[in-house]
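Student: Structure in structure tokens, see below.
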Amino acid sequence: MTIALIDGNNFYVSCERVFNPRLEGRPVVVLSNNDGCVVARSAEVKALGIKIGTPWFQLRDLARQHGIVAQSSNYALYADMSNRLMAVLGQFSPDQELYSIDECFLGLAGFGHRDLVNYGQAMRRRVRQWLGLPVCVGIAATKTLAKLANHCAKKNLAGADGVCDFGRIDAAELSRLFSAIAVGEIWGVGSRLSRQLAERGIASVEALRQADARILRREFSVVLERTLAELNGISCVTLDEAAPNRQQIISSRSFGSYVHALEPLQEAVASYIAIAAEKLRSRGLLAGMVQVTIRTNPHQADSPQYQRGLTIPLSQASDDTLRLTRAALWGLKRIYRPGFAYQKAGVALLNLSVAGTPQLDLFAQARDNTRLMQTMDRINGIWGRGTLRSAAEGVQQEWRMRRERISPGYTTCWAGLPVARAG
DNA sequence: CTATAACTCTCAA
DNA sequence: CTAACGTTGAGAGTTATAG
25 MTIALIDGNN FYVSCERVFN PRLEGRPVVV LSNNDGCVVA RSAEVKALGI
75 KIGTPWFQLR DLARQHGIVA QSSNYALYAD MSNRLMAVLG QFSPDQELYS
125 IDECFLGLAG FGHRDLVNYG QAMRRRVRQW LGLPVCVGIA ATKTLAKLAN
175 HCAKKNLAGA DGVCDFGRID AAELSRLFSA IAVGEIWGVG SRLSRQLAER
225 GIASVEALRQ ADARILRREF SVVLERTLAE LNGISCVTLD EAAPNRQQII
275 SSRSFGSYVH ALEPLQEAVA SYIAIAAEKL RSRGLLAGMV QVTIRTNPHQ
325 ADSPQYQRGL TIPLSQASDD TLRLTRAALW GLKRIYRPGF AYQKAGVALL
375 NLSVAGTPQL DLFAQARDNT RLMQTMDRIN GIWGRGTLRS AAEGVQQEWR
425 MRRERISPGY TTCWAGLPVA RAG
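Sequential numbering from 25 applies to the first sequence in our numbering.
Laid out in structure tokens, this is it:
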């Protein structure tokens with residue numbers, strides 16, 4: 025089996041640059057929701073040593089000093105660019121697994137072996153020409169190795185020019201290459217495992233590859249044992265083209281500023297339910313349980329802390345925003361305590377089942393507002409989310425998150441387009 | 001006791 | 001100007017609970 029992993033370079037930053045070429049060559053970061061932390065960095069920012077996840081307010085001086093441009097994240101834009109990216113890459117293989125917003129695997133079985141580097145370069149050229157986005161390509165025998173090859177392509181290791189095919193590198197050179205890569209770069213090896221492995225003298229990819237499977241199994245987990253097999257070219261993680269149905273749908277956000285009273289919390293929870301329920305319906309699912317959570321700011325250690333959640337089972341699975349909202353607000357009332365500065369609320373839809381095969385409740389009373397929901401989704405699909413919404417979501421919504429540096433919805437909203445004035 | 005639900009921890013992007 | 005630290009999803013392993 026041969027698998028390619030294609031990954032966007034600095035994806036969010038690159039999306040911003042497509043529509044704002046003045047950002048080209050300048051240090052650019054994209055911030056998380058609420059303009060909180062750095063979630064994407066241009067090469068110039070990485071060169072300054074700024075780490076992913078750094079709170080933006082800690083960077084103010086450095087940013088001024090180096091002229092760093094910060095953008096609020098614009099997920100509508102990135103999702104739209106992602107769809108286009110996946111469509112272009114899908115032209116290169118009948119077997120495609122969408123893995124994340126900027127990554128996909130392509131199955132390259134039966135593509136021959138000599139031309140794969142060229143084939144990868146062809147992908148890069150087409151994506152660059154059609155979308156303006158830079159990507160890198162990793163090619164290898166397993167998903168884990170393809171991810172690692174992609175890392176090499178990004179870092180220009182082993183003479184890669186944006187494409188790295190482990191199939192073209194001989195065993196001795198591969199060993200040398202792997203000895204120079206930290207074990208934490210491996211897919212599935214996070215910070216904790218890296219530390220524990222290092223304590224046992226396993227610090228590089230090569231060291232892990234040479235490790236004993238039984239010992240890894242005993243001292244760590246099945247997962248790491250699988251990773252080891254994958255590193256040695258034995259495929260354990262299959263290419264999944266059909267995305268499985270969701271097990272849960274979550275919508276949670278921090279507030280733009282602290283919230284104390286119950287009413288704004290109710291508005292936020294109702295709004296988050298509306299978002300989650302819309303996603304639920306778009307996937308043709310029903311929720312059997314609704315979970316609601318609220319919490320204060322855990323970073324503010326000296327102010328009173330409170331965190332609670334409650335899961336509410338529904339008598340009958342539903343995709344009706346109004347019914348789900350009632351359940352969530354019922355739960356919120358039970359967990360809410362006055363006297364705290366709430367920083368975040370969230371909802372989750374759980375126990376999901378496929379619509380059309382409902383578990384009927386003999387004693388069911390209320391009926392879902394199916395037609396109303398369809399109408400609402402259609403209107404909001406045309407005019408934007410929240411155009412038609414339940415009164416529970418509120419009007420002013422002062423708790424809404426900060427997005428002070430948002431770019432226009434270039435591909436998703438007419439108002440976002442720069443207009444050339446006549447005369 | 002077992003089976004499962006509920007919860008915690010880890011990882012990923 | 002202030003003050004300010006993300007979101008969503010999954011799987012494995014552990015603990016609590018029901019029968």
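The beta-carbon is built from N, C-alpha and C at its ideal position, and this holds for glycine as well.
Just so you know, these numbers come straight off a predicted model, no measurement behind them.
1) Do you know how far the Cα of Ala-301 is from the Cα of Leu-373?
2) So Ser-203 is in the alpha helix (DSSP H); what residue range does that whole segment cover?
3) What residue does the beta strand (DSSP E) around Gly-162 start on, and which one ends it?
4) Rounding to the nearest angstrom, what Cα-Cα distance links Phe-244 and Leu-252 in this structure?
5) In angstroms with no decimal places, state the Cα-to-Cα distance between Val-314 and Thr-349.
6) Under a three-way DSSP split, which group does Leu-304 fall into?
7) List in chain order: all unbroken alpha helix (DSSP H) runs of 4+ residues lying wholly within the stretch 310–373.
8) Between the stretch 305–321 and the stretch 330–343, are three or more C-beta pairs nearer than 8 Å?
9) Any idea what DSSP makes of Ala-87, helix, strand or coil?
10) Quick one: measure Cβ to Cβ for Asp-126 and Ile-163, integer angstroms, because I've assumed they're closer than 8 Å.
11) Here's the rule: buried if 16 or more other CB atoms are within 10 angstroms of the residue's CB, otherwise exposed. What is Asn-107?
12) Counting only the same chain and skipping the five closest in sequence on each side, list residues whose C-beta sits under 7 Å from that of Phe-202.
13) Please list, in chain order, all residues of the same chain as Glu-197 whose beta carbon is under 8 Å from its beta carbon, the five residues on each side excluded.
14) Could you compute how far the alpha carbon of Asp-31 sits from the alpha carbon of Ala-379?
15) Here's the rule I'm using: 16 or more other beta-carbon atoms within 10 Å means buried, otherwise exposed. How should Gln-89 be labelled?
16) On the criterion of 16 or more Cβ atoms from any shown chain inside 10 Å, does Arg-65 qualify as buried, or is it exposed?
17) With distances taken Cα to Cα, identify the nearest neighbour of Thr-78 among Val-62, Asp-194, Val-69, Gly-131.
18) With distances taken from CA atoms, which of Gly-410, Arg-305, Thr-317 is nearest Ser-275?
19) Which full runs of the beta strand (DSSP E) of 3+ residues lie inside the stretch 67–155, going along the chain?
20) Quick check: what's the CA-CA separation for Cys-128 versus Gln-120?
21) Where Asn-256 and Ser-431 are concerned, what is the direct C-alpha to C-alpha distance, given to the nearest angstrom?
22) Quick one, are the C-beta atoms of Tyr-448 and Val-419 less than 9 Å apart?
23) Just verifying my parser: in three-state terms, what is the DSSP assignment at Leu-470?
24) Since Ser-56 sits in a beta bridge, which residues does DSSP pair it with?
25) Could you compute how far the alpha carbon of Ala-133 sits from the alpha carbon of Ala-87?
26) Once DSSP output is grouped into helix, strand and coil, what is the label at Gly-208?
27) What distance in whole Å lies between the Cβ atoms of Glu-68 and Pro-51, which are believed to be in contact at a cut-off of 8 Å?
28) Which residue comes first and which comes last in the beta strand (DSSP E) that contains Gly-32?
29) Of the residues Asp-104, Val-141, Arg-216, which one's Cα is nearest the Cα of Arg-192?
30) Where does Ala-195 land, buried or exposed, given buried means 16+ other C-beta within 10 angstroms?
31) Using beta-carbon positions only, say whether Tyr-360 and Asn-321 come within less than 9 Å of one another.
32) If you draw a straight line from the C-alpha of Phe-43 to the C-alpha of Tyr-36, how long is it?
33) For a test of the three-state rule: what should DSSP assign to Ala-184, helix, strand or coil?
34) Return the residue from the list Gly-363, Asn-375, Gly-49, Asn-58 that minimises the CA-CA distance to Ala-71.
35) Taking the beta strand (DSSP E) that Tyr-282 belongs to, which residues open and close that run?
36) Please report the Cβ distance between Arg-319 and Gln-398, rounded to the nearest whole angstrom; I am assuming they are in contact, meaning their Cβ atoms lie under 8 Å.
Tutor: Based on what the coordinates show:
1) Mapped onto the first sequence, residue 373 falls at position 349. Mapped onto the first sequence, residue 301 falls at position 277. Taken atom to atom, the span from the alpha-carbon of Leu-373 to that of Ala-301 is near 8 Å.
2) For the purposes of this step, residue 203 is taken as the residue at position 179 of the first sequence. Ser-203: member of the alpha helix (DSSP H) spanning 195–203, first to last residue.
3) Along the first sequence, one-based indexing puts residue 162 at 138. Per DSSP, the unbroken beta strand (DSSP E) holding Gly-162 starts and ends at 159–164.
4) Numbered from its first residue, the first sequence carries residue 244 at position 220. Numbered from its first residue, the first sequence carries residue 252 at position 228. Roughly 12 Å between the two C-alpha positions.
5) Along the first sequence, one-based indexing puts residue 314 at 290. Along the first sequence, one-based indexing puts residue 349 at 325. The C-alpha of Val-314 lies about 9 Å from the C-alpha of Thr-349.
6) Counted from its first residue, the first sequence places residue 304 at position 280. Here Leu-304 sits in helix by DSSP.
7) Taking only runs of at least 4 residues, the alpha helix (DSSP H) segments lying wholly in the stretch 310–373 are 345–359.
8) The stretch 305–321 is in contact with the stretch 330–343.
9) Here the question's residue 87 lines up with position 63 in the first sequence. In the structure shown, Ala-87 sits in a helix (DSSP, three-state: H, G or I).
10) By one-based count along the first sequence, residue 126 stands at place 102. By one-based count along the first sequence, residue 163 stands at place 139. About 18 Å separates the two Cβ atoms, so there is no contact after all.
11) For the purposes of this step, residue 107 is taken as the residue at position 83 of the first sequence. Residue environment analysis places Asn-107 among the exposed positions, since fewer than 16 neighbouring C-beta atoms fall within 10 angstroms of its C-beta.
12) Working through the first sequence from its first residue, we reach residue 202 at position 178. Excluding the 5 residues flanking it on each side, Phe-202 has same chain C-beta neighbours closer than 7 Å at Ser-228, Val-229, Glu-230, Arg-233, in chain order.
13) On the first sequence, residue 197 is found 173 positions in, with the first residue counted as 1. Within its own chain, the residues whose Cβ lies closer than 8 Å to the Cβ of Glu-197, once the five positions on either side in sequence are excluded, are Ala-182, listed in chain order.
14) Walking along the first sequence from the start, residue 31 turns up at place 7. Walking along the first sequence from the start, residue 379 turns up at place 355. Answer to the nearest angstrom: the Cα atoms are 34 Å apart.
15) Locating residue 89 in the first sequence gives position 65, counting from the first residue. Residue burial annotation: Gln-89 is exposed, with fewer than 16 other C-beta atoms found within 10 angstroms of its C-beta.
16) Taking the first residue of the first sequence as position 1, residue 65 is located at position 41. Arg-65 counts as buried, since at least 16 other C-beta atoms from the protein chains shown sit within 10 angstroms of its C-beta.
17) Position 54 of the first sequence, counted from the start, is the residue given in the question as residue 78. For Thr-78, the closest alpha carbon among the candidates Val-62, Asp-194, Val-69, Gly-131 is that of Val-62.
18) In the first sequence, residue 275 corresponds to position 251, counting from 1. The shortest Cα separation from Ser-275 among Gly-410, Arg-305, Thr-317 belongs to Thr-317.
19) Look at the stretch 67–155 and you find these whole runs of beta strand (DSSP E), each 3 residues long or longer: 93–96, 120–124, 127–131.
20) Position 104 of the first sequence, counted from the first residue, corresponds to residue 128. Position 96 of the first sequence, counted from the first residue, corresponds to residue 120. Cα to Cα, Cys-128 sits roughly 7 Å from Gln-120.
21) Mapped onto the first sequence, residue 256 falls at position 232. Mapped onto the first sequence, residue 431 falls at position 407. Between Asn-256 and Ser-431, the alpha-carbon positions lie close to 44 Å from each other.
22) Residue 448 lies beyond the residue range present for the chain, which begins at 25 and ends at 447; the question has no answer from this structure.
23) This structure does not reach residue 470, given that the chain is present from 25 up to 447, and the question cannot be answered.
24) The residue given as residue 56 occupies position 32 in the first sequence. Ser-56 is not bridged by DSSP to any residue.
25) On the first sequence, residue 133 is found 109 positions in, with the first residue counted as 1. On the first sequence, residue 87 is found 63 positions in, with the first residue counted as 1. Rounded to whole angstroms, Ala-133 to Ala-87 spans 47 Å at the Cα level.
26) As a working note, residue 208 is residue 184 in the first sequence. Note: Gly-208 maps to helix in three-state DSSP.
27) Numbered from its first residue, the first sequence carries residue 51 at position 27. Numbered from its first residue, the first sequence carries residue 68 at position 44. Indeed, because the Cβ distance is near 4 Å, the residues count as touching under 8 Å.
28) Here residue 32 refers to the residue found at position 8 of the first sequence. Looking at the DSSP string, the run of the beta strand (DSSP E) that includes Gly-32 is 27–32.
29) For the purposes of this step, residue 192 is taken as residue 168 along the first sequence, with counting starting at 1. The residue with the shortest Cα to Cα distance from Arg-192 is Val-141.
30) Residue 195 sits at position 171 when you count from the first residue of the first sequence. With fewer than 16 other beta carbons inside 10 angstroms of its own, Ala-195 counts as exposed.
31) The count along the first sequence starts at 1 and reaches residue 360 at position 336. The count along the first sequence starts at 1 and reaches residue 321 at position 297. Remark: C-beta atoms of Tyr-360 and Asn-321 do not approach each other more closely than 9 Å.
32) Looking up residue 43 in the first sequence gives position 19. Looking up residue 36 in the first sequence gives position 12. One C-alpha to the other measures close to 12 Å.
33) On the first sequence, residue 184 is found 160 positions in, with the first residue counted as 1. Residue state for Ala-184 is assigned as coil, using DSSP reduced to three classes.
34) Taking the first sequence and counting its residues from 1, the one referred to as residue 71 is at position 47. The shortest C-alpha separation from Ala-71 is found at Gly-49.
35) Sequence index remark: in the first sequence, residue 282 carries index 258 (1-based). 273–283 is the span of the beta strand (DSSP E), which, as asked, contains Tyr-282.
36) Numbered from its first residue, the first sequence carries residue 319 at position 295. Numbered from its first residue, the first sequence carries residue 398 at position 374. Between Arg-319 and Gln-398 a beta carbon distance of about 35 Å is seen, past the 8 Å cut, so the two are scored as non-contacting.
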